[in-house]
Amino acid sequence: MVDESLVRKVAGIARLSLSDEEVKTFTRQFDDIISWFNEISEIDTKGVEPSFHPLKTENVFRDDVVKPCLTQEESLVNTSHKEGGFFKGPRAV
Amino acid sequence: MIASDFVRDVKAGKIKLEKFYSDFFNDLRKLDKSYDCFINICEEDAFKQLENLPKGKLYGLPVSVKDAICTKGIPTTGGSKMLESYKPTFDATVIKRIKASGGVIVGKTCMDEFGLGGFSTNCAFKIPKNPNDVNRVTGGSSGGAGVVTRALDSPHIGIAESTGGSITCPAAFCGVYGLTPTYGRVSRYGLLDYASSLDKIGVMAKSVSDISLMISVIAGLDSNDLTSRPEPVPDYSKSVSVKGMTIGVPKEYFGEGVSKDVSDSVWRSIKKLESQGVSVKEVSLKMTKHSLPAYYLVAMSEVSTNLAKLCGMRYGLELPLNKDDGFNEYFSRVRALGFGPEAKRRIILGTYARMSGYRSQYYLQAMKVRTLIINDFKRALKGVDALVAPSMPVVAPRFDEVSKLTPLENYKMDVLTVAPNLAGVPHLSVPCGEVRGLPVGLQLIGDYLEEKKLLDLGGAL
């Protein structure tokens, strides 16, 4: 059973502020969706390996040499929150 | 005119690109006015590209790009307010390859926010309209690409992207060809991620020949995408006779919920292949009914982590930094403002499915079900060259019909497309007739890296 406190808790973990109205709507909608998700618990997967990718992937290595990448200027061009060549974030402490 | 003929004529000097493109952009703006298919039309950048165009396979050809793919200096929004102001400082690998072959990027097409939708009605900017009937949806999430491909008279190829059916659905609803390649066949570098283990960049076009041309340009290993496939790219252009091939018809794809008109159209095409010497055999994909919840669990889990990077720092939507705000308060406010309701819904559900205490029950179990779905396809594809099924269970619905659906009913529309996407097998949607003036699509589903067979079969229809 999904209730409003669960929706608020998970939204908090996901760093999303929700309005009271959003909480109400999502609570109603999630009940349906999560009982639908529960259907997959009935499938027998004993001894089945999970597929994190559809095809087998292998580690790819390259020599540890410096390659060109974005310049500091390019990296900072899409934000106004910067100072002295660094990104500027909200207060940390 | 097919794209390769156009390129040949441009190279021969029979078509002058300056003149061609001044008419072209007039048509494109008209098209956009009628159907709301572009987030950005890049006329200025296109003319800049013409000044120094490599004489490659796509020389002079107009290419539209789903707005989920990064284009240097051209806004790339992902259909979201979160990235309204974002101008990438680099080109995605596919864009680099298209430009190096002489393709001209003409615009960025409309889409559901970050690909989260099946109808292209979950758009932060414009909602595209179906050119066959403007009261109907285009399908999603690559809706804009479907519209442009269908409605533009001029030669053109569209670059689209699929996570759970976002190429097949608009291809079927708009009436064009749409290839979703094998997972990893085309580099994802520079794609705004939705679900990294599911995302595939692909092609929408008016003919199989156009699809073959474009996939031969964009496919292949890329050191910037560690999941891209190392196998050599075959020659897709030489078509082979389909005589002697075998196709499998999965009975579960013609079951409950699939409209009779749609399955009749698909069967007429199957008969057409049969008359050309193709054998037909019934097969079974037993996991079909389980594929929807498994897909949504995987997709939502992955999108909730991929969208975590959008938080008002480095790029994208930002707010003033208040003195009293900590990281969490600031991030939460930006994300509340920037994401639409479907993005929020999937972020919360995906976070829930990955939470400690629920992870094995939902996320891990879905990944195991995915293994069973992959095995299902391997079994069904044994001894056949491809599977044939309807692309979508119905023809394009009206906007008022879509607006009445609950989120869960909405997700269930993807019943025929999520399984091949979860398995990562290639599939091609092919127009196969009309029902009351609306296009129907069938999908050919093949084994890993067997795009060529799909193109041969699609070309025979």
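In the order they appear, the protein sequences are chains G and B. In this note's numbering, each residue's number is its place in the first sequence (first place is 1) plus 68. In this note's numbering, each residue's number is its place in the second sequence (first place is 1) plus 1000. No residue lacks a Cβ here, since even glycine has one placed at the ideal position from N, Cα and C.
8 Å contact criterion, which residue i and residue j should meet: CB distance rounded
i: residue 1073 (chain B); j: residue 1125 (chain B); result: Contact flag wrong, Cβ pair sits at about 19 Å.
i: residue 1067 (chain B); j: residue 1077 (chain B); result: 5 Å
i: residue 1208 (chain B); j: residue 1455 (chain B); result: 5 Å
i: residue 1181 (chain B); j: residue 1145 (chain B); result: Wrong, their Cβ atoms sit about 15 Å apart, outside the cutoff.
i: residue 1457 (chain B); j: residue 1444 (chain B); result: 5 Å
i: residue 1402 (chain B); j: residue 1121 (chain B); result: 6 Å
i: residue 1307 (chain B); j: residue 1334 (chain B); result: That pair is no contact at about 12 Å.
i: residue 98 (chain G); j: residue 70 (chain G); result: 4 Å
i: residue 1367 (chain B); j: residue 120 (chain G); result: 6 Å
Cβ pair residue i, residue j closer than 7 Å
i: residue 1148 (chain B); j: residue 1070 (chain B); result: no
i: residue 1294 (chain B); j: residue 108 (chain G); result: yes
i: residue 1425 (chain B); j: residue 1262 (chain B); result: no
i: residue 1115 (chain B); j: residue 1154 (chain B); result: no
i: residue 1212 (chain B); j: residue 1221 (chain B); result: no
i: residue 1168 (chain B); j: residue 1178 (chain B); result: yes
i: residue 1131 (chain B); j: residue 1059 (chain B); result: no
i: residue 147 (chain G); j: residue 1315 (chain B); result: yes
i: residue 1234 (chain B); j: residue 1057 (chain B); result: no
i: residue 1032 (chain B); j: residue 158 (chain G); result: no
i: residue 1482 (chain B); j: residue 1026 (chain B); result: A question about residue 1482 (chain B) goes unanswered here, because the residues of chain B that appear run from 1001 up to 1461.
i: residue 1061 (chain B); j: residue 1007 (chain B); result: yes
i: residue 1064 (chain B); j: residue 1109 (chain B); result: yes
i: residue 1461 (chain B); j: residue 1269 (chain B); result: yes
i: residue 1490 (chain B); j: residue 1082 (chain B); result: Chain B is shown from 1001 up to 1461; residue 1490 (chain B) falls before or after that span and cannot be answered.
i: residue 1255 (chain B); j: residue 1387 (chain B); result: no
i: residue 971 (chain B); j: residue 1300 (chain B); result: In the structure displayed, chain B extends from 1001 to 1461; residue 971 (chain B) sits before or after that span and is not available.
i: residue 1332 (chain B); j: residue 83 (chain G); result: yes
i: residue 1419 (chain B); j: residue 1137 (chain B); result: no
i: residue 1043 (chain B); j: residue 1343 (chain B); result: no
i: residue 111 (chain G); j: residue 1290 (chain B); result: yes
First through last residue of the alpha helix (DSSP H) which encompasses residue i
i: residue 1300 (chain B); result: 1288-1306
i: residue 1169 (chain B); result: 1168-1174
i: residue 1332 (chain B); result: 1327-1338
i: residue 1161 (chain B); result: From DSSP, residue 1161 (chain B) is part of no alpha helix (DSSP H) but of the beta strand (DSSP E) over 1157-1162.
i: residue 1377 (chain B); result: 1365-1381
i: residue 1250 (chain B); result: From DSSP, residue 1250 (chain B) is part of no alpha helix (DSSP H) but of the beta strand (DSSP E) over 1246-1250.
CA-to-CA distance, residue j to residue i, given in whole angstroms
i: residue 1204 (chain B); j: residue 1364 (chain B); result: 33 Å
i: residue 1003 (chain B); j: residue 1156 (chain B); result: 7 Å
i: residue 1151 (chain B); j: residue 1174 (chain B); result: 9 Å
i: residue 96 (chain G); j: residue 1096 (chain B); result: 45 Å
i: residue 1170 (chain B); j: residue 1139 (chain B); result: 4 Å
i: residue 1360 (chain B); j: residue 1303 (chain B); result: 18 Å
i: residue 1166 (chain B); j: residue 1118 (chain B); result: 7 Å
i: residue 1225 (chain B); j: residue 135 (chain G); result: 15 Å
i: residue 1021 (chain B); j: residue 1047 (chain B); result: 8 Å
i: residue 78 (chain G); j: residue 1351 (chain B); result: 7 Å
i: residue 1297 (chain B); j: residue 1005 (chain B); result: 45 Å
i: residue 1088 (chain B); j: residue 1075 (chain B); result: 7 Å
i: residue 1422 (chain B); j: residue 1292 (chain B); result: 10 Å
i: residue 1104 (chain B); j: residue 1024 (chain B); result: 12 Å
i: residue 1272 (chain B); j: residue 1383 (chain B); result: 21 Å
i: residue 132 (chain G); j: residue 1189 (chain B); result: 20 Å
i: residue 126 (chain G); j: residue 1214 (chain B); result: 27 Å
i: residue 116 (chain G); j: residue 1371 (chain B); result: 7 Å
i: residue 1362 (chain B); j: residue 141 (chain G); result: 42 Å
Proximal residues to residue i (C-beta, below 7 Å), its chain only, five neighbours per side dropped
i: residue 1345 (chain B); result: 1407
i: residue 1183 (chain B); result: 1200 and 1424
i: residue 1265 (chain B); result: 1432, 1433, 1435 and 1440
i: residue 1210 (chain B); result: 1002, 1003 and 1157
i: residue 1014 (chain B); result: none
i: residue 1191 (chain B); result: 1068, 1069, 1092, 1161, 1199 and 1201
Own chain, CB closer than 6 Å to residue i, minus 5 neighbours either side, in chain order
i: residue 1279 (chain B); result: 1246
i: residue 1050 (chain B); result: 1017
i: residue 1253 (chain B); result: 1389 and 1416
i: residue 1400 (chain B); result: none
i: residue 1283 (chain B); result: 1248, 1250 and 1380
i: residue 1186 (chain B); result: 1201, 1218 and 1219
Chain-order list of residues whose beta-carbon lies under 8 Å from that of residue i (same chain, five-residue window excluded)
i: residue 1393 (chain B); result: 1257, 1258, 1259, 1262, 1413, 1415 and 1416
i: residue 150 (chain G); result: 144 and 156
i: residue 1029 (chain B); result: 1041
i: residue 1448 (chain B); result: 1182, 1424, 1425 and 1426
i: residue 1348 (chain B); result: 1304
Interface flag, residue i vs chain C, CB-CB below 7 Å
i: residue 1384 (chain B); result: Absence of chain C from the displayed structure is noted, the protein chains being G and B.
Span of the beta strand (DSSP E) around residue i
i: residue 1152 (chain B); result: Unbroken run through residue 1152 (chain B): none, as it is neither H nor E.
i: residue 1402 (chain B); result: Not the beta strand (DSSP E): residue 1402 (chain B) falls in the alpha helix (DSSP H), residues 1399-1403.
i: residue 1205 (chain B); result: 1200-1205
i: residue 1177 (chain B); result: 1177-1180
i: residue 107 (chain G); result: Per DSSP, residue 107 (chain G) belongs to no beta strand (DSSP E) and is neither H nor E.
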